[in-house]
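Visitor: Below is one structure. I have some questions about it.
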């Protein structure tokens with residue numbers, strides 16, 4: 002299993018730019034900053050598509066432009082065009098159950114309440130792909146989850162976010178060719194705010 006496509010989930014449009022739900026998009030920006038990746042214009046693929054060269058191999062990074070609930074449409078379009086399989090992808094998404102600054106990398110799993118993940122699982126017809134969940138929690142008890150994910154990061158989080166995402170991106174790239182269990186053991190215990 003080798004990662005050839007990194008999918009950062011989010012919603013297009015200025016209204017969503019700094020919301021918690023768009024941390025997947027922000028991760029792609031951090032990944033490009035630390036690797037020098039460049040944009041490949043592929044308007045028919047329903048995504049902004051970027052190319053990263055790593056140790057002589059091409060890794061694609063995308064930001065689906067279909068809105069969260071239809072993320073699977075964009076992922077399938079890119080996978081078909083580049084002839085990739087679910088074993089080749091890593092989906093990066095927000096997670097309210099993980100504290101801000103922490104990540105959870107898994108080889109497979111369910112979608113929980115995340116509509117973007119539901120769409121991808123439905124379109125791929127499998128749960129078997131790598132997912133990197135970035136913590137945006139904890140969720141305040143008095144708030145509904147959909148209200149929290151569409152909320153902007155607070156001032157302290159906004160200040161910490163660029164450095165945190167850069168450290169996560171560098172960690173991912175350091176271990177991107179390692180077996181998934183090695184990657185999990187290296188990334189999951191780390192507090193990326195430190």
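In the working numbering, the protein residues as written are 2 to 195.
For glycine and all other residues, C-beta sits at the position ideal for the given N, C-alpha and C.
State yes or no: is the C-beta of residue 98 nearer than 7 Å to some heavy atom of the ligand NAD?
Guide: Of ligands this structure carries none, so the ligand NAD is not represented either.
Visitor: In the DSSP assignment, what are the bridge partners of residue 59?
Guide: 54
Visitor: Taking the C-alpha atoms as reference points, what is the distance between residue 37 and residue 103?
Guide: 24 Å
Visitor: Tell me the DSSP secondary structure of residue 108 in three-state form.
Guide: coil
Visitor: Helix, strand or coil for residue 125, going by three-state DSSP, please let me know.
Guide: helix
Visitor: Please state whether the Cβ-Cβ distance between residue 177 and residue 63 is less than 8 Å.
Guide: Taking 8 Å as the Cβ cut-off, residue 177 and residue 63 do not qualify as a contacting pair.
Visitor: According to DSSP, is residue 22 helix, strand or coil?
Guide: DSSP places residue 22 in helix when its eight states are reduced to three.
Visitor: Quick one: measure Cβ to Cβ for residue 133 and residue 106, integer angstroms, because I've assumed they're closer than 8 Å.
Guide: 5 Å
Visitor: For residue 92 and residue 118, what's the separation of their Cα atoms in angstroms?
Guide: 8 Å
Visitor: Would you list the one or two residues that DSSP bridges to residue 91?
Guide: 7 and 131
Visitor: To the nearest angstrom, how far is the alpha carbon of residue 11 from that of residue 123?
Guide: Approximately 18 Å, taken between the alpha carbons.
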